[in-house]
Each structure stands twice: as C-alpha cells, then as structure tokens.
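The listed protein sequences derive, respectively, from chains A and B. Each step along the first sequence adds one to the number in the UniProt record's numbering, with nothing skipped, and position 24 is 24. Each step along the second sequence adds one to the number in the UniProt record's numbering, with nothing skipped, and position 9 is 9. A short worksheet on the structure shown next.
2 protein chains.
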Amino acid sequence: MSQIRKPPTMADIARVTGVSPMTVSRAFKTDSLISKETRDAILKAAEDLGYVFDATASNLRSQKTDFVAVTIPSINNANFADTVGGLSETLAARNMQILLGYTNYDMQEEERLIEQLLRRKPEAIVVTGGKHTARARKLLENAPIPVIETWDVPAEPIGRFVGFSNAGVVRGMVDHLVRTGYSRIAFIGGDVGRDTRGSDRRQGFLEAMRQHGLDTSRLIAAGPPPISMREGANAMARLLEQFPDTEAVICVSDLSAFGALTECQRRGMRVPEDISIGGFGAYEIGSICVPTLTTIDAHARDIGRKTGSLLLDILDGKQDVGDVLIKPQLIVRESTR
Amino acid sequence: MSQIRKPPTMADIARVTGVSPMTVSRAFKTDSLISKETRDAILKAAEDLGYVFDATASNLRSQKTDFVAVTIPSINNANFADTVGGLSETLAARNMQILLGYTNYDMQEEERLIEQLLRRKPEAIVVTGGKHTARARKLLENAPIPVIETWDVPAEPIGRFVGFSNAGVVRGMVDHLVRTGYSRIAFIGGDVGRDTRGSDRRQGFLEAMRQHGLDTSRLIAAGPPPISMREGANAMARLLEQFPDTEAVICVSDLSAFGALTECQRRGMRVPEDISIGGFGAYEIGSICVPTLTTIDAHARDIGRKTGSLLLDILDGKQDVGDVLIKPQLIVRESTR
DNA sequence: TAGTTGGATGGTATCGATAACAAAGGCGTT
DNA sequence: AACGCCTTTGTTATCGATACCATCCAACTA
Numbered sequence: 001m002s003q004i005r006k007p008p009t010m011a012d013i014a015r016v017t018g019v020s021p022m023t024v025s026r027a028f029k030t031d032s033l034i035s036k037e038t039r040d041a042i043l044k045a046a047e048d049l050g051y052v053f054d055a056t057a058s059n060l061r062s063q064k065t066d067f068v069a070v071t072i073p074s075i076n077n078a079n080f081a082d083t084v085g086g087l088s089e090t091l092a093a094r095n096m097q098i099l100l101g102y103t104n105y106d107m108q109e110e111e112r113l114i115e116q117l118l119r120r121k122p123e124a125i126v127v128t129g130g131k132h133t134a135r136a137r138k139l140l141e142n143a144p145i146p147v148i149e150t151w152d153v154p155a156e157p158i159g160r161f162v163g164f165s166n167a168g169v170v171r172g173m174v175d176h177l178v179r180t181g182y183s184r185i186a187f188i189g190g191d192v193g194r195d196t197r198g199s200d201r202r203q204g205f206l207e208a209m210r211q212h213g214l215d216t217s218r219l220i221a222a223g224p225p226p227i228s229m230r231e232g233a234n235a236m237a238r239l240l241e242q243f244p245d246t247e248a249v250i251c252v253s254d255l256s257a258f259g260a261l262t263e264c265q266r267r268g269m270r271v272p273e274d275i276s277i278g279g280f281g282a283y284e285i286g287s288i289c290v291p292t293l294t295t296i297d298a299h300a301r302d303i304g305r306k307t308g309s310l311l312l313d314i315l316d317g318k319q320d321v322g323d324v325l326i327k328p329q330l331i332v333r334e335s336t337r
Numbered sequence: 001m002s003q004i005r006k007p008p009t010m011a012d013i014a015r016v017t018g019v020s021p022m023t024v025s026r027a028f029k030t031d032s033l034i035s036k037e038t039r040d041a042i043l044k045a046a047e048d049l050g051y052v053f054d055a056t057a058s059n060l061r062s063q064k065t066d067f068v069a070v071t072i073p074s075i076n077n078a079n080f081a082d083t084v085g086g087l088s089e090t091l092a093a094r095n096m097q098i099l100l101g102y103t104n105y106d107m108q109e110e111e112r113l114i115e116q117l118l119r120r121k122p123e124a125i126v127v128t129g130g131k132h133t134a135r136a137r138k139l140l141e142n143a144p145i146p147v148i149e150t151w152d153v154p155a156e157p158i159g160r161f162v163g164f165s166n167a168g169v170v171r172g173m174v175d176h177l178v179r180t181g182y183s184r185i186a187f188i189g190g191d192v193g194r195d196t197r198g199s200d201r202r203q204g205f206l207e208a209m210r211q212h213g214l215d216t217s218r219l220i221a222a223g224p225p226p227i228s229m230r231e232g233a234n235a236m237a238r239l240l241e242q243f244p245d246t247e248a249v250i251c252v253s254d255l256s257a258f259g260a261l262t263e264c265q266r267r268g269m270r271v272p273e274d275i276s277i278g279g280f281g282a283y284e285i286g287s288i289c290v291p292t293l294t295t296i297d298a299h300a301r302d303i304g305r306k307t308g309s310l311l312l313d314i315l316d317g318k319q320d321v322g323d324v325l326i327k328p329q330l331i332v333r334e335s336t337r
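Next comes the structure, spelled out in structure tokens:
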C-alpha cells in the first residue's frame, strides 16, 4: 500500500533502458525526434517501473507550467462555473490546467489570491471583474504574463477584457419594462460595496429610472452577496411591505428572482398578473419554473470560451488581438407581461 | 505594460540587500530564524524590485507543493461545489491549494485526470466515488501520497474514505414512503453505467422495493448524468404516460425533482395530493420552492470539511486515523404526505 | 568515392530555491 | 578568563527535467 523507496526518475528509466536521460525526456514529448523502437522501449520501462512524470522539475527548467490562473467570486454560482467550463474546454486542447481561486466577492481576498496564484508562475491570469485593490492592480500590471478581465468592461483595463456593461444590461431591462407599461419598478440586489458587478447593475437601474423620470426609491438591499433564493424571498417580503403598489421587480440574479417568485406564490399573488419579476443570468431554473422567468442571458459559457481563444491567440503571439464585447440578451418569458 | 527584462530572483534581492540568497529565502518563511531588521530590509527590497516568489523552484527543491488534487464529476453541481468549499476552507489554514479536475461523470476521463494531477506532485489526492478503472486504481495505489475517496463507501477502499452508502439513502427514502402508505413508487435517474453513485441509488431503490414486495418496474432513465431540471421534467412526463397511477416518485437529485414538480404544475396536478415527489441532495431550491421538496441531506460541505481534517491528520502522521462514515439525513417536507 | 544532409542520440549546464551543514558573534555562567 | 549555548548568517550541493550544442551514422547526391 505505501511506498518506501522513492519514486523512479527519468534517470532510472535511462539506466534500465540503456539510453541517456535526455532521450528519455524526448520519449515523453510527442513532437520530438526519436525512433519508434527507442520510444516504445522507454515507455514500457516507464510503465514497468511505475514512473510518474515530474511536472515540478519540468516546470522549473522549461519555465513553463501550462497553468492558467483564474479567480471567480464563488464556486457556487452556475454562471461563473459555466465560464470556467467554457474556458476549461478551450484550454484542454493545449493541455493547459486551470488553477482556480475563489474571492468570495471580496477585493481584499482577491488581492491575496492573485498574489498566491502568481507564485505558481501561470502562463496567464484571468480575473472576474474589472475593479481591484491598488495592490492587486499593481501585481497584475507587473506580471510578465497576459491578463484578462472578464464579466465587466473595466474603466481602466489592465490587459484585455471579455465582458459587458453590467449597468447596461439592467438599463435594457428597465427600458423594456417601461416600454411594456410599467412605472413602479423596484430593484432587489446585494449590499453596496462588496459585489462590484451587482453594484453596477443597481447603478444601471438608478440611471435608467432617472432617465425615464421614474421613482428610484424602491431599492431593497438583500445582504452581502451572493444573494440566495432565501434572501430573494425575504427581500420580496420586505418590498411588498414597504411598497405594496410595486408593479415590477428586477432582481440581481435569477436565483433571487426565483426566491422572490416563491414569496409571491406563498402569499397567493399571481405573477405576472399582480406583479412582474425579472432576473439575470439565464440560470436553468428560470427557464423551467412556473411561471418561467424573464431574464438576461450574459452567455456565461461563451465568455469562458472567448476568453480561452483570446488567451491562446495572445500566447501564440498573434498581433491583432482585441477586447471582446459580449452582447447580453434579454429573454422575455412568462414572469413579465 | 509588458516587461522586457526578466523577473527578479532571490539572488537579485540578496545582491541589493547585501546578504546571502539563503537569508533571503529565510526571510520569506514565517517561522525561520532571522533578525527583524534583516527581514524587513529584505521584504522592502523585494517589494521595490517587484519580486514574486517562485513556487516552481521551491517545490522542486523542497519536494513539497502544498497542492491537494481533487476530482469531482462536475463543477456545475452545488453538492460537489459545497464539498470542495468545505475542503478548501479546512486546507486554507495550512495554505494548501486545491488542484481541481472534472471527470464529467466518466471513469475514463477520471483515469486521464488522475494521471495528469499526479504529475503535479500533490501532497494528497481526493477523488469522488469509490469506483475506478483498473489503471486509475493502480495509479492511486502506487501514488506515494494519501488517497481519500469520498461520497461513497468503496467496496475495496484504496486509502481512507469519507462517505455514505448511496444505495442506503434511497432505501431509507423508500422505507419512509412505504411506511407513509405508498406502494406504487417510481424512480427517475440517469442512464445506468455512467454515474456510479446514481446507479447505486437506483440499485438501492430496487432492493428496497423488492424487500417490501412492491412492483419495481417504474424506472425512468432520464439520459446521461448529470440530470438537469429539464430532463427531470421530461422524465416525469414519460412516467405519467407510462404509469398514470403512480403515487410517488423518487428522483436522483433535487434538481430533477424540481423539474418533475414543474411538469406536474403545468399539468394542473397537485403535489403531494395527486403525486408525491422526493429528491436528493438538500439543494437550496428544494427548501424554498412551492411546495418544498422532501429530500436527503448528504451533508456535502461536511464531507469536504471532514475530508480536510482527515487529510491533515494523515499528513501530520497521526496514527489513529480512520474512515469517516457520513450519516445522510431524511428531510420530510411538503412534497410528500 | 568523397561530400553532404538530416535523423537520432549523448553530454553538460542550468532553471531558482533551499536542505544540510558550518561558522561567526554575543551573552551568561562558573 | 574560558567555556558552552543560542541566535544569526553564509556555503555548497541538490531537487529532476530539459535547453543547447555536439556527435554519430546511414542515406543520398554529385
């Protein structure tokens, strides 16, 4: 069960096979110059000895790790998970491995995390969001690798970005609701100051409402992000108490929107007849619950895929690479008239 | 924006500060013997030069990576995400980093992944599930590090395990439903042969039904795992066509259970009056949807935390470490009578 | 036949940090 | 004053794979 002797190295295989360590090394690289017989003999010896390639040594000498560092706010969020999935599938073609870290929606934690990740000498770093602490920004700027910011359009991009305007998407939702005939519209979001994308969405709500000359006081802060279904339900309860005449609610995500929906159902209110609900993120739940939820699809997986191919282009030294502006899409479903 | 000269090393800091590289190295280790003045001078020089610690070199020389390799079926599953979260928070105390890989519910892919992960020389490896390909098993057995299997009670454990009987939990659910007075009970799960935990749950269903002398033919295969809400809804539709007199359904997860619930709602059926529904996993949705879902809480986060502390105990050389048997808990809610 | 080409292989130094050991200096004790 | 001990710092070798350059030899050309 447990090994006492230490694991074999390429030198051991070389000894057994009667070749030089250099040749053993070549046998493990797919595109190298080596005869088929030699390679087969080496691979067989490796299998027999139970050899496991040592990436730490390879990394140091070749100054390549095949790591791509990625920070996301939370692993428990289908949107970010999808982005990581899309990125992962794109990078798999190059045998690159994702080194994932969670910031827990905290810029301080992000800073700490970025520092830790950079120590592992990744080939590139992908961060979620376009706002960072001063120190984190400096770390990223000084890093000798490509930096990509996602899920946002940074005020001052560090490297390239793949994102969209979080304020813009909510403006679009407000515009749609106003066009449909609503005017008493509320917003349920997280506490200001933590989730920067959430704050941007709330900002977009305020701007759009002002532009339409509508009341902007219907704001419910549902606690620190991420806002759960339960917190969405609680926020809806508070909203209905404070502003019983509200006609429509925009929630910071489909999860809180679903929570809000269940609160209405428990109170015997009909959606959308008595109140309309809009979400964000095109989570599966919004497409299947009763009634289905009007939402905004940010194309989370696509963000990951496009980040991946942008990254590969940069690493390949392509010259004409540019930022990628994602076009989120309003999906009107049963929860709004 | 981009650096031309190559990043500074400890040797550079040593030159600037007028000490030996060894002393610089010591300045970065918290518990080492070094005077406060020297350390401060070194850290300041490091900051000025924009030094970033090189973990690849450190890893090679010290033969320690502080990596813990983890395989999970899918990142897009709140249960496994919770387990990773619990593990992550436990390991954070030791500054260990999780190296995560997704098997996509595929044992072949798991084998490939385990091989890739072992190359990075992790300090330990945590795999989800207790069934593996022969080669994967061999790789794990030969690995000179602790191996922990989770979310299952392996027939032949490789190292330690932190899990529960997937068949057992469903047996418990069936027993409960039978006790409550149901007899025409169905099971909605994934296709056999892929998701081993899902297959075990289905097996538990069959065993329990036979034990009670009940009809075991009400089985719906909803496609390859993971089973989405949509697939749960479709499966429910098929179930209602094939076996319209079904009294209760057990779904392989809360997500498919919720899908099944929505299908009933769209058909104007009442839950639990017309049909009862049970799920698995204690996802948030089951605690908030209308009606709330009867489910089984496998204590996903707890599995992660316990795996973490078991791991630390093993790495610390504790002698009395044993397997951890998780006690999943039946939570009876509104979706069953 | 001599010269050239290119595929296959070997030798050596090196990536950057640190384990292991050595040594210098300060302080207290007898 | 001599000794030992502890704190702080330095020296050297090393982790394991591979970049770089050299070499060998068979096959082909002129």
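The C-beta atom is built at its ideal place from N, Cα and C for all residues, glycine as well. If you're wondering where the values come from, they're calculated on a predicted model, not measured in any experiment.
Item, Value
"Are at least three pairs of beta-carbons, each pair with one atom in the stretch 169 to 181 of chain B and one in the stretch 142 to 149 of chain B, less than 8 Å apart?", "no"
"Using a Cβ cut-off of 7 Å, which residues of the stretch 244 to 275 of chain A contact any Cβ in chain B, in chain order?", "259, 262, 265, 266"
"What are the residues in the UniProt domain \"HTH lacI-type\" (8 to 62) of chain A lying within 8 Å of chain B by C-beta distance?", "50, 52, 53, 54, 55, 56, 57, 59, 60"
"Measuring only between beta-carbons, confirm whether residue 144 of chain A sits less than 8 Å from chain B.", "yes"
"For residue 160 of chain A, does the three-state DSSP call read helix, strand or coil?", "strand"
"Starting from residue 229 of chain A, find everything on chain B with Cβ-Cβ shorter than 9 Å and list it in chain order.", "284, 285, 287, 288, 289"
"Residues bridged to residue 290 of chain A by DSSP?", "Answer is none; residue 290 of chain A lacks a bridge partner."
"Using a cut-off of 7 Å between C-beta atoms, extract the partners of residue 65 of chain B located in chain A.", "56"
"Closer than 8 Å by C-beta to residue 298 of chain B: which residues in its own chain qualify, once you throw out the five before and the five after it? Chain order, please.", "79, 151, 164, 169, 280, 281, 282, 326, 328"
"According to the Cβ coordinates, are residue 223 of chain B and residue 255 of chain B closer than 8 Å?", "no"
"Along the stretch 68 to 80 of chain B, what residues have a CB closer than 7 Å to any CB found in chain A?", "75, 76, 78"
"Apply the 10 Å Cβ neighbour rule to residue 82 of chain A and answer buried if 16 or more other Cβ atoms are within range, or exposed otherwise.", "buried"
"Taking the alpha-carbon positions, what's the residue 69 of chain B to residue 91 of chain B distance?", "12 Å"
"Does the beta carbon of residue 100 of chain A sit closer than 8 Å to a beta carbon anywhere in chain B?", "yes"
"With 9 Å as the limit, tell me which residues of the stretch 113 to 131 of chain A have their beta carbon closer than that to any beta carbon of chain B; keep them in chain order.", "115, 116, 117, 118, 119, 120, 121"
"Is it buried or exposed, residue 167 of chain B, if we count other Cβ atoms within 10 angstroms and call 16 or more buried?", "buried"
"Listing by chain order, which chain B residues have their CB less than 9 Å from the CB of residue 162 of chain A?", "Those do not exist, as residue 162 of chain A stays about 18 Å from chain B at its closest Cβ, beyond 9 Å."
"Determine the chain A residues that contact residue 84 of chain B at a beta-carbon separation under 7 Å, and present them in chain order.", "75"
"Return the chain-ordered list of same chain residues with a C-beta closer than 7 Å to the C-beta of residue 324 of chain B, the five sequence neighbours on each side being excluded.", "162, 306, 310"
"Going by DSSP, what residues sit across from residue 101 of chain B in a beta bridge?", "B:71"
"Between the C-alpha atoms of residue 201 of chain A and residue 252 of chain A, what's the straight-line distance to the nearest angstrom?", "7 Å"
"State yes or no: is the beta carbon of residue 237 of chain A nearer than 8 Å to at least one beta carbon in chain B?", "no"
"Measure the CB-CB distance between residue 54 of chain B and residue 121 of chain A and report whether it falls below 8 Å.", "yes"
"What runs of the beta strand (DSSP E), each 3 residues or longer, lie entirely inside the stretch 261 to 312 of chain A?", "276 to 278, 295 to 297"
"Taking C-beta pairs closer than 8 Å, name the residues in chain B that residue 233 of chain A reaches, listed in chain order.", "288"
"Pull the bridge partners of residue 189 of chain A from the DSSP assignment, please.", "A:221"
"Give the straight-line distance between the Cα atoms of residue 313 of chain A and residue 132 of chain A, rounded to the nearest whole angstrom.", "25 Å"
"Here's the rule: buried if 16 or more other CB atoms are within 10 angstroms of the residue's CB, otherwise exposed. What is residue 30 of chain A?", "exposed"
"Kindly identify the DSSP beta-bridge partner or partners of residue 330 of chain B.", "B:296"
"For residue 33 of chain B, which three-state DSSP category applies?", "coil"
"Just verifying my parser: in three-state terms, what is the DSSP assignment at residue 155 of chain A?", "coil"
"Just mark residue 293 of chain B as buried or exposed, buried being the case when its beta carbon has 16 or more other beta carbons within 10 Å.", "buried"
"Mind checking residue 154 of chain A: buried by the 16 CB within 10 Å criterion, or exposed?", "buried"
"Specify, as a first and last residue, the run of the alpha helix (DSSP H) that residue 246 of chain A falls within.", "Run containing residue 246 of chain A: none; DSSP gives neither H nor E here."
"Using the three-state DSSP reduction, which class does residue 123 of chain B fall into: helix, strand or coil?", "coil"
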